[in-house]
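Count along the sequence shown starting at 1, add 188, and that's the number in our numbering.
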Amino acid sequence: MTVKIQASQVMRYFGSTDNRVHAVGELNLEINDGEFVCIVGPSGCGKSTFLRMVADLIRPSEGEVRINSSKTRPASMVFQDYSIYPWKRVIDNARFGLDIAGVPKKEGNERALKYLAKLGLADRSRSYPATLSGGMKQRVAIARALAVEPEILLMDEPFAAVDAQLREILQEELLALWQADQRTVLFITHSLDEAILLADRVLVMSARPGRIIADITVPFARPRDPSVRSTAEFARLEGELRELLRHEVNSHLASIEEK
Ligand SMILES: Nc1ncnc2c1ncn2[C@@H]1O[C@H](COP(=O)(O)OP(=O)(O)O)[C@@H](O)[C@H]1O
Ligand SMILES: [Mg+2]
């Protein structure tokens, strides 16, 4: 198995030396090619910061994040809050990454449309985002990330802002999309249920500064059926993760009270 993402002794600080926030680290992990990995952890523990380092949007202060790829931009990112442009039509939003990559517009439109269709948005390609529901906007953001056919898909709480029913639909769509081409996915979520349903492995991060404190293999077969949610094993895993997180949140609260 090829290692796709490797973080070695990664540390990340923010601010000046006398007013320094230690956001991440020391963080070590390896993610294999084609693996779907979810990261869970208390808020403010450095999850988004770590993802931004993997995306090469920011640098580690110490250590390194290595991506095994020959491409200059092997990863694309989906953010929590429908980061699409309101003044661009759906198709132009979905094509955005391809425009940046210099793909000719005709080919770009075909590819963008292909992914919009996979996400059930082909008939909205000429619409403006203001006319779409929250879930549809997030699908546009996902189509935009997929259209560049990235080796690595980075998702930062992508379904956090949509309601529970729609969230389940989006999770199932993502499972099907992943099953079709099995790219490497690194997915951050607050929802333990979501993490267990989607991932091959769930990594638990400590309270800030974020480190990996548990690495839990999810045993359910692929293609994965959402009905695994009602199994005893699912409940057991969810309980195990909840305990780990509760401990981290409590130690975080205790450290605030000391100050
Ligand atoms: N650009 C920044 N400047 C200063 N502090 C930051 C910056 N980005 C994140 N932080 C701090 O780093 C810590 C981790 O933030 P973040 O990675 O967003 O956490 P999470 O995504 O787990 O909620 C927080 O204390 C946050 O305030
Ligand atoms: Mg975050």
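C-beta: ideal position from N, C-alpha, C; glycine also.
Quick test of the definition: if touching needs 3 or more C-beta pairs under 8 Å, does the region 353-360 touch the region 269-278? Taking one beta carbon from each stretch, the region 353-360 and the region 269-278 have fewer than 3 pairs nearer than 8 Å; the two do not touch.
Taking only heavy atoms of ligand 2 into account, decide whether any of them is closer than 7 Å to the Cβ of residue 235. Residue 235 has its CB nearer than 7 Å to a heavy atom of ligand 2.
Residue 311 Cβ short of 7 Å to ligand 2 heavy atom set: No, the Cβ of residue 311 stays beyond 7 Å of every heavy atom of ligand 2.
Quick one: any contact between the region 328-340 and the region 300-313, if contact means 3 or more CB pairs under 8 Å? When Cβ pairs closer than 8 Å are counted between the two stretches, the region 328-340 is seen to touch the region 300-313, the count reaching three or more.
Count the C-beta pairs between the region 386-398 and the region 244-252 that are closer than 8 Å, then say yes if the count reaches three, no if not. The region 386-398 is not in contact with the region 244-252.
Return yes when at least one heavy atom of ligand 2 lies under 7 Å from the C-beta of residue 369, else no. No, ligand 2 has no heavy atom inside 7 Å of this Cβ.
Residue 382 Cβ short of 7 Å to ligand 2 heavy atom set: Because no heavy atom of ligand 2 lies under 7 Å away, the Cβ of residue 382 does not count as near it: no.
As a quick exercise: from 373, 320, 341 and 364, pick the residue whose alpha carbon is nearest that of residue 350. Of the candidates 373, 320, 341 and 364, the one whose C-alpha sits nearest the C-alpha of residue 350 is 320.
Please look up how many angstroms separate the CB atoms of residue 192 and residue 288, rounded, as I've assumed it's under 8 Å. Actually they do not touch by this definition, with Cβ atoms about 22 Å apart.
Could you tell me if the beta carbon of residue 213 falls within a distance shorter than 7 Å of some heavy atom in ligand 1? Every heavy atom of ligand 1 is 7 Å or more from the Cβ of residue 213, so no.
Just list the alpha helix (DSSP H) runs in the region 303-353, keeping only unbroken ones of 4 residues or longer that don't cross its boundaries, in chain order. Runs of the alpha helix (DSSP H) inside the region 303-353: 322-335.
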